[in-house]
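Colleague: First, the structure itself, so that you have it in front of you.
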Amino acid sequence: MLASSLRTARPRTSAAHLLSRRSLLATTSRGGYAVQFQHARFHNHASSQSTIEVKPGATTGYTSQTINTPRSSPRSTADTAVLAKLPTPSLFRNLLIQNISSYPRLLTVLLGMLKRYTTFFITAPVFKHVLHQAFYAHYCAGATIPEITRTVRGLQQLGYKGVILNYAKEVDMHAAGQANEAERQKVHEEQVGQWLEGTLKTIEGADGAFAAIKFSGAGLGVVHMLEENREVPDEIFGKALTKMCEAAKARGVKLLIDAEHASQQKAIDKWTMDLMEKYNKGSDLVVYNTYQMYLKASSQVLAEQLQLAENRNFNFGAKLVRGAYLGSDPRHLIHDTKSETDTAYDTAAHMLGTYHERKPGSQTHVAIVLATHNANSANLMRTLRAEQQARGLRPAEAVYGQLMGMADELSLSLTTADEKRGFRAGDCDVYKYVTWGTTAECVLYLVRRAEENRDAVGGARGVRGLFWDELKRRFGLKKAASSAA
Ligand SMILES: Cc1cc2nc3c(=O)[nH]c(=O)nc-3n(C[C@H](O)[C@H](O)[C@H](O)COP(=O)(O)OP(=O)(O)OC[C@H]3O[C@@H](n4cnc5c(N)ncnc54)[C@H](O)[C@@H]3O)c2cc1C
1 MLASSLRTAR PRTSAAHLLS RRSLLATTSR GGYAVQFQHA RFHNHASSQS TIEVKPGATT
61 GYTSQTINTP RSSPRSTADT AVLAKLPTPS LFRNLLIQNI SSYPRLLTVL LGMLKRYTTF
121 FITAPVFKHV LHQAFYAHYC AGATIPEITR TVRGLQQLGY KGVILNYAKE VDMHAAGQAN
181 EAERQKVHEE QVGQWLEGTL KTIEGADGAF AAIKFSGAGL GVVHMLEENR EVPDEIFGKA
241 LTKMCEAAKA RGVKLLIDAE HASQQKAIDK WTMDLMEKYN KGSDLVVYNT YQMYLKASSQ
301 VLAEQLQLAE NRNFNFGAKL VRGAYLGSDP RHLIHDTKSE TDTAYDTAAH MLGTYHERKP
361 GSQTHVAIVL ATHNANSANL MRTLRAEQQA RGLRPAEAVY GQLMGMADEL SLSLTTADEK
421 RGFRAGDCDV YKYVTWGTTA ECVLYLVRRA EENRDAVGGA RGVRGLFWDE LKRRFGLKKA
481 ASSAA
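When you line the sequence shown up against the UniProt record's numbering, it's residues 1 to 485, in that order.
Rendered as structure tokens:
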């Protein structure tokens, strides 16, 4: 499975020429090296940069690196041309959602009502229809395997490789109530059983790509074990994890274990590394851990876990995110500024993406999922991979993950050639993260997406302009962009 996903190096002289001006590789006095990315080609903020020096790492060979990272986080550097691929209904839905999101107060009221009167909204015919057509169809894959498969095929026709599939249904956390120990154990067993059933269907629907797995979704019993920082899960959840991994392995699906609240993360890390050791052997790479790079500790944790993989000869799967719990996790654990988070993210991506260059003899194979809507981070990895190919090296095994219904302009730009930057079409594997389940099961997910859109709307104004321009072009109100592919 792994061998087939490895790409052969294809040197490209023109890219080498272009990239030699873009990145600079130099040996440092400590035997490591320093890398400076020139961001100027990706955005207009080259003058606002932050620089961090990553302290000499434990033993991963990543001794010293300086990366200049811009303070801003542009959603995309795409132009209207890439949106030409998007179906018209999707274009309309994007604009509808972006426009509603530009009235944050109205949206807050609407979301409040949706959360409070969920049953009414998902049963009253008119509201149900609007919810389904405008929002569910935009963010969700469907409720059955045939519907999910149709969504996957539609995404593949747009140029995406596949999906990161997530099951929307959340276990009822109140079910355990005040029950005695025996009753609690019974509820725990039932909840883990429900979670496993949903997880196995997710693996089936993922169609050989990725399944997103949230441990805390398996109910209160599992949440308690995570909060207690248990070294290993109990027998019930342990068996469920084994079944999940065996099913994923049999179907060629990769499991992305979500990063969650800081209070649960130590146990998630431990359980996930144990699964990696068991299922990422030889040519297999089934399990990926997630690293929230906004946490001050994450650079070190990542280096240590990579080192463990190297010491014990198993393959290392890493999904890199910035982190979603800024509002709820202890603030002191998180980098003080967005700029520091950006730098930590890009440094981690570069460290993983160059592992095979630093450790050519290592048995550990590193695979990365760059889960981000940040165009700078995505383009830095694209540049690194093009540069590696230009140098006749195997490019880092990195793929990209963005939410379905969001950041389409970035996702589509990654699937498109960009001659000015020396990027060829097909050099990026982009996966869309998509949730499946009935409308009722997906409501909470839809609310979260709407809240995210509302919070991001300030930075999304430029993107909205792109969608308007493409709509006008499609209806003959505007000339096609000259660069249209
Ligand atoms: C496919 C996919 C899977 C994901 N899985 C997970 C997961 O398992 N666990 C998880 O926690 N999140 C997950 N996320 C969400 C992710 O962590 C981010 O919240 C989200 O993607 C926004 O970050 P960004 O890199 O896309 O973009 P950006 O807009 O560049 O970054 C926004 C992020 O920067 C950070 N940030 C913002 N302000 C500050 C500040 N003042 N100081 C420090 N940091 C700051 C926050 O993390 C914020 O979310 C996932 C996202 C995607 C696309």
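Every residue, glycine too, gets a C-beta built ideally from N, C-alpha and C. As the structure is a prediction and not an experimental result, all values here were calculated from the model.
Using three-state DSSP, classify E387 as helix, strand or coil.
Modeller: Taking the sequence shown and counting its residues from 1, the one referred to as residue 387 is at position 387. E387 falls in the helix class under three-state DSSP.
Colleague: In its own chain, which residues sit with a C-beta less than 8 Å from the C-beta of G112, not counting the 5 before and 5 after it?
Modeller: Position 112 of the sequence shown, counting from 1, holds the residue named residue 112. If we look at G112 and ignore the five residues flanking it on each side, it has no Cβ neighbours.
Colleague: Going by the C-beta, is V321 closer than 8 Å to any heavy atom of ligand 1?
Modeller: Position 321 of the sequence shown, counted from the first residue, corresponds to residue 321. Yes.
Colleague: With distance defined between alpha-carbon atoms, name the residue in A134, D346, E397, S339 nearest to E357.
Modeller: On the sequence shown, residue 357 is found 357 positions in, with the first residue counted as 1. Out of A134, D346, E397, S339, E397 has the C-alpha closest to the C-alpha of E357.
Colleague: What residue from A262, G221, V287 has the CA that sits closest to A248's CA?
Modeller: Along the sequence shown, read from residue 1 onward, the residue named residue 248 stands at position 248. Taking each of A262, G221, V287 in turn and checking the Cα distance to A248, the smallest one comes out for V287.
Colleague: Can you name, in chain order, every residue of its own chain whose Cβ lies under 8 Å from the Cβ of Y325, other than the five neighbours on each side?
Modeller: As a working note, residue 325 is residue 325 in the sequence shown. So the qualifying residues of the chain are E260, H261, A262, Q292.
Colleague: Between A267, W468, F316, A137, which has its C-alpha nearest E409's C-alpha?
Modeller: Within the sequence shown, the letter at position 409 stands for residue 409. Minimum Cα-Cα distance from E409 among the listed residues A267, W468, F316, A137 corresponds to W468.
Colleague: The alpha helix (DSSP H) spanning Q194 covers which residue range?
Modeller: By one-based count along the sequence shown, residue 194 stands at place 194. Per DSSP, Q194 belongs to the alpha helix (DSSP H) from 181 to 205.
Colleague: Quick one, are the C-beta atoms of I368 and A349 less than 9 Å apart?
Modeller: Counting from one through the sequence shown, the residue named residue 368 turns up at place 368. Counting from one through the sequence shown, the residue named residue 349 turns up at place 349. A contact, by the Cβ cut-off of 9 Å.
Colleague: Would you kindly report the start and end of the unbroken beta strand (DSSP E) that includes Q305?
Modeller: One-based indexing of the sequence shown puts residue 305 at position 305. Counting along the chain, Q305 falls outside any beta strand (DSSP E), though it belongs to the alpha helix (DSSP H) covering 298 to 311.
Colleague: Can you tell me where the beta strand (DSSP E) holding F316 begins and where it ends?
Modeller: Within the sequence shown, numbered from 1, the residue matching residue 316 stands at position 316. Residues 316 to 321.
Colleague: Mapping the DSSP letters down to three states, classify F467 as helix, strand or coil.
Modeller: As a position in the sequence shown, residue 467 is number 467, starting the count at 1. Helix at F467.
Colleague: Our contact map puts R251 next to I203 with C-beta atoms below 8 Å; I'd like the distance itself, whole angstroms only.
Modeller: Counted from its first residue, the sequence shown places residue 251 at position 251. Counted from its first residue, the sequence shown places residue 203 at position 203. That belief holds up - the Cβ atoms of R251 and I203 are roughly 6 Å apart, short of 8 Å.
Colleague: If I follow the unbroken beta strand (DSSP E) through I397, where does it start and stop?
Modeller: In the sequence shown, residue 397 corresponds to position 397, counting from 1. The amino acid at residue 397 is misidentified as Ile; the sequence shows Glu. Per DSSP, E397 belongs to the beta strand (DSSP E) from 397 to 403.
Colleague: In the structure shown, what three-state DSSP assignment does N374 receive?
Modeller: Reading the sequence shown from its first residue, position 374 is the one you call residue 374. N374 falls in the coil class under three-state DSSP.
Colleague: So K249 is in the alpha helix (DSSP H); what residue range does that whole segment cover?
Modeller: On the sequence shown, position 249 is the one that residue 249 refers to. Start and end: 235 to 251.
Colleague: Let's see if you can read the secondary structure: which residues bound the beta strand (DSSP E) around A348?
Modeller: As a working mapping, residue 348 is identified with position 348 in the sequence shown. First-last for A348: 338 to 353, but that is the alpha helix (DSSP H), not the beta strand (DSSP E).
Colleague: Is it right to say L477 is buried, meaning 16 or more other beta carbons lie within 10 angstroms of its own, or is it exposed?
Modeller: By one-based count along the sequence shown, residue 477 stands at place 477. Exposed: under 16 other Cβ atoms inside 10 Å.
Colleague: On the criterion of 16 or more Cβ atoms from any shown chain inside 10 Å, does K243 qualify as buried, or is it exposed?
Modeller: Start at 1 with the first residue of the sequence shown, and residue 243 comes out as number 243. Counting Cβ neighbours within 10 Å, K243 comes out exposed, since fewer than 16 surround it.
Colleague: Expressed to the nearest angstrom, what Euclidean distance is found between the alpha-carbon atoms of A427 and R184?
Modeller: The residue given as residue 427 occupies position 427 in the sequence shown. The residue given as residue 184 occupies position 184 in the sequence shown. Residue identity check: residue 427 is Asp in the sequence provided, not Ala. Those two C-alpha atoms are separated by around 50 Å.
Colleague: Could you spell out the range, first to last residue, of the alpha helix (DSSP H) harbouring I268?
Modeller: As a working note, residue 268 is residue 268 in the sequence shown. Where I268 is concerned, the enclosing alpha helix (DSSP H) stretches over 262 to 279.
Colleague: Alpha carbon to alpha carbon, what distance is there between R424 and L393?
Modeller: By one-based count along the sequence shown, residue 393 stands at place 393. By one-based count along the sequence shown, residue 424 stands at place 424. Rounded to whole angstroms, L393 to R424 spans 17 Å at the Cα level.
Colleague: So for A211, helix, strand or coil by DSSP?
Modeller: In the sequence shown, residue 211 corresponds to position 211, counting from 1. Here A211 sits in strand by DSSP.
Colleague: Buried or exposed for T439, going by 16 or more other Cβ atoms inside 10 Å?
Modeller: Working through the sequence shown from its first residue, we reach residue 439 at position 439. When all chains shown are included, T439 counts as buried.
Colleague: What is the residue span of the beta strand (DSSP E) that Q292 lies within?
Modeller: Residue numbering aside, residue 292 sits at position 292 when the sequence shown is read from its first letter. First-last of the beta strand (DSSP E) with Q292: 287 to 292.
Colleague: Within 10 Å of its beta-carbon, does T383 have 16 or more other beta-carbons around it, so buried, or fewer, so exposed?
Modeller: Position 383 of the sequence shown, counted from the first residue, corresponds to residue 383. That one is buried.
Colleague: Which two residues bound the contiguous beta strand (DSSP E) that contains I334?
Modeller: As a working mapping, residue 334 is identified with position 334 in the sequence shown. It is not in any beta strand (DSSP E) - I334 carries neither H nor E in the DSSP assignment.
Colleague: Which residue marks the beginning of the alpha helix (DSSP H) containing T151, and which one marks its end?
Modeller: Start at 1 with the first residue of the sequence shown, and residue 151 comes out as number 151. Run containing T151: 145 to 157, per the alpha helix (DSSP H) assignment.
Colleague: For K472, count the other beta carbons within 10 Å of its own beta carbon; 16 or more makes it buried, fewer makes it exposed. Which is it?
Modeller: Numbered from 1 along the sequence shown, position 472 holds the residue referred to as residue 472. Exposed.
Colleague: Alpha carbon to alpha carbon, what distance is there between L275 and V463?
Modeller: Indexing the sequence shown from 1 puts residue 463 at position 463. Indexing the sequence shown from 1 puts residue 275 at position 275. Answer to the nearest angstrom: the Cα atoms are 40 Å apart.
Colleague: So, with DSSP's three-state summary, where would you put N166?
Modeller: The residue you call residue 166 lines up with position 166 of the sequence shown. N166: strand per DSSP, three-state reduction.
Colleague: Work out the CA separation of K214 and V187 for me, nearest whole Å.
Modeller: Mapped onto the sequence shown, residue 187 falls at position 187. Mapped onto the sequence shown, residue 214 falls at position 214. Their Cα atoms are separated by approximately 19 Å.
Colleague: Hey, G217 and E170 are a contact pair by Cβ (cut 8 Å); roughly how many whole angstroms apart?
Modeller: Along the sequence shown, read from residue 1 onward, the residue named residue 217 stands at position 217. Along the sequence shown, read from residue 1 onward, the residue named residue 170 stands at position 170. About 6 Å; that satisfies the 8 Å criterion.
Colleague: Closer than 6 Å by C-beta to S411: which residues in its own chain qualify, once you throw out the five before and the five after it? Chain order, please.
Modeller: Taking the sequence shown and counting its residues from 1, the one referred to as residue 411 is at position 411. Q402, V430, listed in sequence order.
Colleague: Are there 16 or more other CB atoms within 10 angstroms of the CB of F475, so buried, or fewer, so exposed?
Modeller: Walking along the sequence shown from the start, residue 475 turns up at place 475. Exposed is the call here.
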